[in-house]
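Encoded as structure tokens, the structure appears first; notes follow it.
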Amino acid sequence: MNFSLFVVNYRFTNGIFNTEEAFIQFAHIFSQIHQSVDLQKAPEHYEKLCDQLLKKTQNEPVKTFPINTSQSRLWERLWEAERNTWNLIKQLHILRSTYPTDVSIPKKLYQTDGALQSELLATNLNFAEAWIVRQWLQDTAPTFVHVETNPEYWSYTKTHIAYNLKKLSHKYLDPDGSYRTGQALHPQDQIHENELAKSIYEYLRRGQLDIACEISKKNGQSWRAASISGYIVYGEQTDDGGGIDSIIKSSGNINRHLWRATCYQYAQETGFDLYDRATYAALCGDVDNVFPVCRSWEDYTWAYFNGLIECRLEQYFSQRGQLGELGDVDLPVPTQLLSLTPEDIFRKVEARQTDRDPQMALFHKIQKLFILNKPDEIVKCLKEELLDKQLSYNDSSASYSHIRRFAAHFVLFLRDLIPPTPDKESDDLIKTYTELLIDFKQDSIIALYASKLPREMSIETYALFLKNITGSYDERFYFYNLAEKHGLDVTAIARRTSDLTLEEYLKEEKYASALYLRIASLSDPVDPKDIVLIRGLEWLTFNKNQVVEAMDRANALFRRFLACGKLNAVNALLSSMANPKSPLASYDLDKEADEHEETVVYEYSFYRNMFNFFTKYEDWVKIWQEKPQSPKSFPRDISISEWTLRIKETTDALDQLSDKFLTAYITNPEFDEDKIITEEEERRIQELQRVSDIYIPEVILRLHHVYFKTRGIIPGNLDKSLQLADLVADESRHLYMHFRRSKKLPVLLTMLRDSYLEITRENPDDIIVHC
53 MNFSLFVVNY
63 RFTNGIFNTE
73 EAFIQFAHIF
83 SQIHQSVDLQ
93 KAPEHYEKLC
103 DQLLKKTQNE
113 PVKTFPINTS
123 QSRLWERLWE
133 AERNTWNLIK
143 QLHILRSTYP
153 TDVSIPKKLY
163 QTDGALQSEL
173 LATNLNFAEA
183 WIVRQWLQDT
193 APTFVHVETN
203 PEYWSYTKTH
213 IAYNLKKLSH
223 KYLDPDGSYR
233 TGQALHPQDQ
243 IHENELAKSI
253 YEYLRRGQLD
263 IACEISKKNG
273 QSWRAASISG
283 YIVYGEQTDD
293 GGGIDSIIKS
303 SGNINRHLWR
313 ATCYQYAQET
323 GFDLYDRATY
333 AALCGDVDNV
343 FPVCRSWEDY
353 TWAYFNGLIE
363 CRLEQYFSQR
373 GQLGELGDVD
383 LPVPTQLLSL
393 TPEDIFRKVE
403 ARQTDRDPQM
413 ALFHKIQKLF
423 ILNKPDEIVK
433 CLKEELLDKQ
443 LSYNDSSASY
453 SHIRRFAAHF
463 VLFLRDLIPP
473 TPDKESDDLI
483 KTYTELLIDF
493 KQDSIIALYA
503 SKLPREMSIE
513 TYALFLKNIT
523 GSYDERFYFY
533 NLAEKHGLDV
543 TAIARRTSDL
553 TLEEYLKEEK
563 YASALYLRIA
573 SLSDPVDPKD
583 IVLIRGLEWL
593 TFNKNQVVEA
603 MDRANALFRR
613 FLACGKLNAV
623 NALLSSMANP
633 KSPLASYDLD
643 KEADEHEETV
653 VYEYSFYRNM
663 FNFFTKYEDW
673 VKIWQEKPQS
683 PKSFPRDISI
693 SEWTLRIKET
703 TDALDQLSDK
713 FLTAYITNPE
723 FDEDKIITEE
733 EERRIQELQR
743 VSDIYIPEVI
753 LRLHHVYFKT
763 RGIIPGNLDK
773 SLQLADLVAD
783 ESRHLYMHFR
793 RSKKLPVLLT
803 MLRDSYLEIT
813 RENPDDIIVH
823 C
């Protein structure tokens, strides 16, 4: 699948929530947390952000284009699932990191159930964790539509009985009347009764016993409120600190064990409404009669943990010898969960296969493993889902970015506070998130996450990002500085970025023959690919410690450009390297420089001298073309004397530049006989030879052209044009070898012939001198 194309399509089809906002905000929180060293707060901050983004997703109006409702709902579910996950992580991590390891509480002669419950929470970590899990499942339960309030108790049934008082054999309006007699309520009352029963269960499912009691009373069923309020554990407290004259205030059910057995009996009565039975089953810790109203993974998990807590709490009361005033250990109460562990619970929940959405199933698996205190297994699970199974855009665009972002921040949280974590899997997850940020062009935060990777991985990842940054010098320097700010190895990154660019664009080329090679004009537009190569090299010019390295690589690029006749690209490269903002612009060869540095600087100077000649030659051509046609040509034309002065100055400059170039050009390097020449050295030798074969003849031919054209303006230039033959034939320089290999010797001979003929024409007597 075309990744970049997907990113574009994704941005323009998601009208409710822009995932890039989440990238930035999570990075901001992550950065702030590390700056304040308040690492414990990470889950809480992430939870709040997820909640904000969930509300935004729910409330954001449809804007420019129609929204896919299913996609919108998926976003909501994802934000909700992640928010709930961070909430769970927050609560369990705080408990585990602060729970006392050795607590000794002396046994008292008398303790209320409330005191025993607090004691159990303070001394049994497993019970405390189960308590938090249940509370979490209650707090994160979705909203529901509650029953409408009808304060008049069974009004339709009561009216029906009143109108048919003489005909009816049963005239009962007590709560058990309908069940006892087998006579149904009026349909309207029955509907309301069912809705009320469901609402009460849903409130209990959310841990809102007080609201369940209140809604019972508001609907004229105080008896129901009284029956469910027996759940409250009996406790005592004094009103003034526990002095002799203190008044003890008690609350809760002192006979809770008896009440619990009654609830259990009620829950097993098949004639009652399912939600009524589920309500009393949940209150006493019976799971079998809660299951029929469970719909989701959360419902089943809550039913199990709620039952586990009630059973273990009752067991603890029994062990401490306190089961209320009418305690009877033989009362029928649910005990089947006492032998279950959290692992057993999750196996039973998963066996029900309630998860049909793979994204939600993954979050449930993460939640399960964190409850089981297996963070390392979460990391391996995320790595398997995101990388091994390749959860990708084809599965769900929303889940892809969402889960990768969550995975990275979860791993980073673990590394900060719960070491050790599986290093390889953790690194892979952070890396794949960093790559996601690169693809989504979240340029300002990429260095932050790349800095959390191992050195080699961070270098490769950030270099891959920088390779595609082709903006201005200042823009690229900004991203270079970001890397340095976050502690990345900028020297190695700059080198690797340059390597990646050269590897991609600097392919092996089949060069044209030097004889037929067209040398580009400096004014020709530079090939975009060559600009990319130059930009890639510029990454080495930001650091003064890499100046020589930058020049060395520039030399390789010079050779490649010159071998292709791309003087315009050479011009662009030199301009780039001479950027006044770069340390290279102020570089000066140190007297103590080693041989390698001297060689690099010498070669770099060679190309600069060569370029200076060709630049000046183009200036000369331009001036020559501006030659006034006559002394009275046009008012705005320069005068002949002024033009003559300019052409003389430019010709003289060319004379000096050519001499500087031809007396210092690079010959093939010499190696010791025993030295093995590397492939890179062999390539350099070949490229240097080709550059010399092209440009030494080219400089001499152009110099001849200048001498010959200015023969009438500068005395002696005609002689100089013919004397170039001596320069080429000089055995100490071997310049003729370059003419021979480039097959340009015939061109030179033709030009020399023209010089000779012109000399004989102007002064036949000098023929012997020149012979």
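FYI, the numbering used here numbers position 412 of the sequence shown as 464, with every residue one higher than the one before it.
No residue lacks a Cβ here, since even glycine has one placed at the ideal position from N, Cα and C.
All of these numbers come straight from a predicted model, not from anything done at the bench.
Cβ pair S693, P749 closer than 7 Å
Sequence index remark: in the sequence shown, residue 693 carries index 641 (1-based). Sequence index remark: in the sequence shown, residue 749 carries index 697 (1-based). Against a cut-off of 7 Å, the Cβ pair of P749 and S693 comes out as no contact.
For T702, collect the residues of the same chain with a Cβ closer than 7 Å to its Cβ; drop the 5 residues on either side in sequence, then sort them by chain order.
For the purposes of this step, residue 702 is identified with residue 650 of the sequence shown, where counting begins at 1. Short of 7 Å from the beta carbon of T702, and not among the five residues preceding or following it, lie these beta carbons of its own chain, in chain order: K668, D671, W672 and I675.
Please classify E112: does DSSP put it in a helix, a strand, or coil?
As a first step, residue 112 must be located in the sequence shown, where it is residue number 60. E112: coil per DSSP, three-state reduction.
Around the C-beta of L800, are 16 or more other C-beta atoms found within 10 angstroms, so that it is buried, or is it exposed?
Numbered from 1 along the sequence shown, position 748 holds the residue referred to as residue 800. By the 10 Å Cβ count, L800 comes out buried.
Below 8 Å on the Cβ atoms is my guess for L619 versus I571; work out the distance and round it to an integer in Å.
On the sequence shown, position 567 is the one that residue 619 refers to. On the sequence shown, position 519 is the one that residue 571 refers to. The beta carbons of L619 and I571 sit about 6 Å from each other, so the pair counts as a contact at 8 Å.
Could you please give the first and the last residue of the uninterrupted beta strand (DSSP E) stretch that includes K301?
Position 249 of the sequence shown holds residue 301. Under the DSSP assignment, K301 falls in the beta strand (DSSP E) whose first and last residues are I300 to S303.
Short check: CB of F25 to CB of A133, under 7 Å?
No answer is possible for residue 25: the residues shown for the chain start at 53 and end at 823.
Whole angstroms are fine: how far does the CA of D480 sit from the CA of Y255?
Along the sequence shown, one-based indexing puts residue 255 at 203. Along the sequence shown, one-based indexing puts residue 480 at 428. For Y255 and D480, the distance between alpha carbons rounds to 43 Å.
Is there contact between the region 242-251 and the region 168-181, where contact requires at least three CB pairs shorter than 8 Å?
Output reads no: the region 168-181 does not touch the region 242-251.
Are the CB atoms of G539 and S834 within a distance shorter than 7 Å?
Residue 834 falls outside the range modelled here, since the chain spans only 53 to 823, and no answer is possible.
Local Cβ density within 10 Å of E814, reported as buried at 16 or more and exposed below that:
What you label residue 814 is simply residue 762 of the sequence shown in a count that begins at 1. Answer is exposed; the Cβ neighbour count stays below 16.
Segment contact flag, the region 199-206 with the region 323-333, C-beta cutoff 8 Å, min 3 pairs
Judged by Cβ distances under 8 Å, the region 199-206 makes no contact with the region 323-333, as fewer than three pairs qualify.
Less than 7 Å between the beta carbons of A94 and F462, yes or no?
Position 42 of the sequence shown, counting from 1, holds the residue named residue 94. Position 410 of the sequence shown, counting from 1, holds the residue named residue 462. Contact flag unset, no.
For C433, report the span of its alpha helix (DSSP H) as first-last.
Within the sequence shown, residue 433 is the residue found at index 381, counting from 1. Where C433 is concerned, the enclosing alpha helix (DSSP H) stretches over P427 to K435.
With a Cβ-Cβ cutoff of 7 Å, do I511 and I545 count as a contact?
For the purposes of this step, residue 511 is identified with residue 459 of the sequence shown, where counting begins at 1. For the purposes of this step, residue 545 is identified with residue 493 of the sequence shown, where counting begins at 1. I545 is positioned such that its CB atom lies closer than 7 Å to that of I511.
Quick one: what does DSSP say Q289 is sitting in, helix, strand or coil?
Reading the sequence shown from its first residue, position 237 is the one you call residue 289. Note: Q289 maps to strand in three-state DSSP.
Helix, strand or coil for T826 per DSSP?
Beyond the ends of the chain as shown, which are 53 and 823, falls residue 826; an answer cannot be given.
Is N178 helix, strand or coil by DSSP?
The count along the sequence shown starts at 1 and reaches residue 178 at position 126. Residue state, collapsed to three classes: helix.
DSSP on C346, reduced to helix/strand/coil?
Locating residue 346 in the sequence shown gives position 294, where the first residue counts as 1. The answer is coil: DSSP assigns C346 none of H, G, I, E or B.
With respect to the alpha helix (DSSP H) encompassing R660, which residues constitute its N-terminal and C-terminal limits?
Sequence index remark: in the sequence shown, residue 660 carries index 608 (1-based). Start and end: E647 to Q677.
For the alpha helix (DSSP H) containing K712, list its first residue and its last residue.
Your numbering for residue 712 matches position 660 in the sequence shown. According to the DSSP assignment, K712 belongs to the alpha helix (DSSP H) that extends over I692 to L714.
Within its chain, find whatever has a CB closer than 6 Å to the CB of V385; leave out the 5 residues flanking it on each side and keep chain order.
For this step, residue 385 is matched to residue 333 along the sequence shown. In its chain, beyond the 5 residues on either side, R312, A313 and Y316 have a beta carbon closer than 6 Å to the beta carbon of V385.
Across the region 599-608 and the region 648-663, are there enough close Cβ pairs to call them in contact, namely three or more that are closer than 8 Å?
Taking 8 Å as the limit for Cβ pairs, the verdict is that the region 648-663 does touch the region 599-608.
What is the DSSP secondary structure of L438, reduced to helix, strand or coil?
For the purposes of this step, residue 438 is identified with residue 386 of the sequence shown, where counting begins at 1. L438: helix per DSSP, three-state reduction.
Can you grab the Cα-Cα spacing for the pair G359 / S348, in whole Å?
In the sequence shown, the residue the question calls residue 359 occupies position 307. In the sequence shown, the residue the question calls residue 348 occupies position 296. A direct Cα-Cα distance of roughly 17 Å separates G359 from S348.
Might you give, ordered along the chain, the residues of its own chain that have their beta carbon closer than 8 Å to the beta carbon of P113, omitting 5 neighbours on each side?
To locate residue 113, count along the sequence shown from 1; it is residue 61. Confidence at P113 is low in this model, with a pLDDT of 48, below 50, so the placement of that residue is unreliable and no value is reported for it.
Quick check: what's the CA-CA separation for R528 versus D551?
Position 476 of the sequence shown holds residue 528. Position 499 of the sequence shown holds residue 551. Rounded to whole angstroms, R528 to D551 spans 16 Å at the Cα level.
Mapping DSSP to helix, strand and coil, what is Y639?
Numbered from 1 along the sequence shown, position 587 holds the residue referred to as residue 639. Of the three classes helix, strand and coil, the one that applies to Y639 here is coil, per DSSP.
Could you check whether the region 582-596 touches the region 634-644, counting it as contact only if at least three pairs of C-beta atoms, one from each stretch, sit closer than 8 Å?
In short, these stretches touch, since the Cβ pair count reaches three.
Segment contact, 8 Å Cβ cut-off, at least three pairs: the region 426-439 with the region 386-405
Result no; under three Cβ-Cβ pairs closer than 8 Å.
Note down the Cα distance separating L755 from E649, rounded to an integer number of angstroms.
The count along the sequence shown starts at 1 and reaches residue 755 at position 703. The count along the sequence shown starts at 1 and reaches residue 649 at position 597. Approximately 32 Å between the Cα atoms of the pair.
Around the C-beta of Y162, are 16 or more other C-beta atoms found within 10 angstroms, so that it is buried, or is it exposed?
Along the sequence shown, one-based indexing puts residue 162 at 110. It counts as exposed.
For Q190 and H257, believed in contact at Cβ under 8 Å, the rounded distance
The sequence position of residue 257 within the sequence shown is 205, counting from 1. The sequence position of residue 190 within the sequence shown is 138, counting from 1. According to the sequence displayed, residue 257 carries Arg and not His. Distance from R257 to Q190 at the Cβ level is roughly 7 Å; contact confirmed, criterion being Cβ atoms closer than 8 Å.
Compute the beta-carbon to beta-carbon distance between M803 and L753, rounded to the nearest angstrom, for a pair I have assumed lies under 8 Å.
By one-based count along the sequence shown, residue 803 stands at place 751. By one-based count along the sequence shown, residue 753 stands at place 701. That pair is a contact at about 7 Å.
If you reduce the DSSP assignment to three classes, tell me which class R63 lands in.
Locating residue 63 in the sequence shown gives position 11, where the first residue counts as 1. Because R63 carries a pLDDT of 44, less than 50, the predicted location of this residue cannot be relied on, and no value is offered for it.
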